[in-house]
């Protein structure tokens, strides 16, 4: 298939990735900018894909698109440049290792790739998770069509979420952060991200208005950002 045809054929992957990673409250212009970053990632994937590595193109393209979109998000977030640079290096190492071996890399393999200890890789994993929480906008949409879920909120750009959450440190960090939320905020987060309820439905369950449920959700994200910031600085 010709280069331009490949790009057009797989352009849908960009919308899929952006839809999963970007909060619904982003403006159309912001989303379009991130789609542009995703397209750049897709083009890079088309230009650098090597069939001899026996990795499916969809897998390779999705990883490149996600990396490009996450880099664009991190360029606009609250993270210091030094932290962003470390997370980008972690993303690149994760992608390079996954492409080389055809599966998500273990901490041991990533430690060898980066020239650091496995303990440091663990901290980087936590920081990658924390950066996803930290980059979310308090104005996440409360509409019925909002598709952002907890798995999307914490997803690392190059590591399988199921494997990520099996890491004891990551799971403990998330559980601990959620456990420090006030009870009602914790309930809203659980209903929204785990039970997939809309803010309108959450309001009915808790006997509050949709706008109040939306407000509690925003307060919870703000607390989570504050909670995760030290983890980012320690990466």
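In our numbering, the protein residues as written are 161 to 395. Every residue, glycine too, gets a C-beta built ideally from N, C-alpha and C. None of these values were measured; they are calculated from a predicted model.
Short check: CB of residue 256 to CB of residue 273, under 8 Å? Numbered from 1 along the chain shown, position 96 holds the residue referred to as residue 256. Numbered from 1 along the chain shown, position 113 holds the residue referred to as residue 273. Against a cut-off of 8 Å, the Cβ pair of residue 273 and residue 256 comes out as a contact.
Taking Cβ to Cβ, would you say residue 228 is nearer than 8 Å to residue 254? Translated into positions along the chain shown, residue 228 becomes position 68. Translated into positions along the chain shown, residue 254 becomes position 94. The answer is no: Cβ separation not under 8 Å.
Taking only runs of the alpha helix (DSSP H) that begin and end inside the region 198 to 245, which ones reach a length of at least 4 residues, in chain order? 217 to 236
Have a look at residue 375 and residue 362 and give me their C-alpha separation to the nearest angstrom. The sequence position of residue 375 within the chain shown is 215, counting from 1. The sequence position of residue 362 within the chain shown is 202, counting from 1. For residue 375 and residue 362, the distance between alpha carbons rounds to 12 Å.
How many whole angstroms separate the CB atoms of residue 175 and residue 195, which I take to be in contact at a CB cut-off of 8 Å? As a working mapping, residue 175 is identified with position 15 in the chain shown. As a working mapping, residue 195 is identified with position 35 in the chain shown. The pair is a contact, with the Cβ atoms about 7 Å apart (cut-off 8 Å).
Who are the Cβ neighbours of residue 341 in its own chain at under 7 Å, not counting the five residues just before and after it? Walking along the chain shown from the start, residue 341 turns up at place 181. The answer, listed in chain order, is 349, 380, 383.
Can the beta-carbon of residue 160 be found less than 8 Å from the beta-carbon of residue 388? Residue 160 cannot be examined here, being either before or after the span of the chain that is shown, 161 to 395.
For residue 268, the first and last residue of its enclosing alpha helix (DSSP H): Residue mapping note: residue 268 aligns to position 108 of the chain shown, counting from 1. Note, residue 268: alpha helix (DSSP H), 267 to 274.
Exposure of residue 296, with buried meaning 16 or more beta-carbon neighbours within 10 Å: In the chain shown, counting from the first residue as 1, residue 296 sits at position 136. Any reading at residue 296 must be qualified, since the residue scores a pLDDT of 43, below 50, and its modelled position is unreliable; no value is offered.
From which residue to which residue does the alpha helix (DSSP H) around residue 179 run? Position 19 of the chain shown holds residue 179. Taken as a continuous stretch (DSSP letters only), the alpha helix (DSSP H) holding residue 179 covers 172 to 181.
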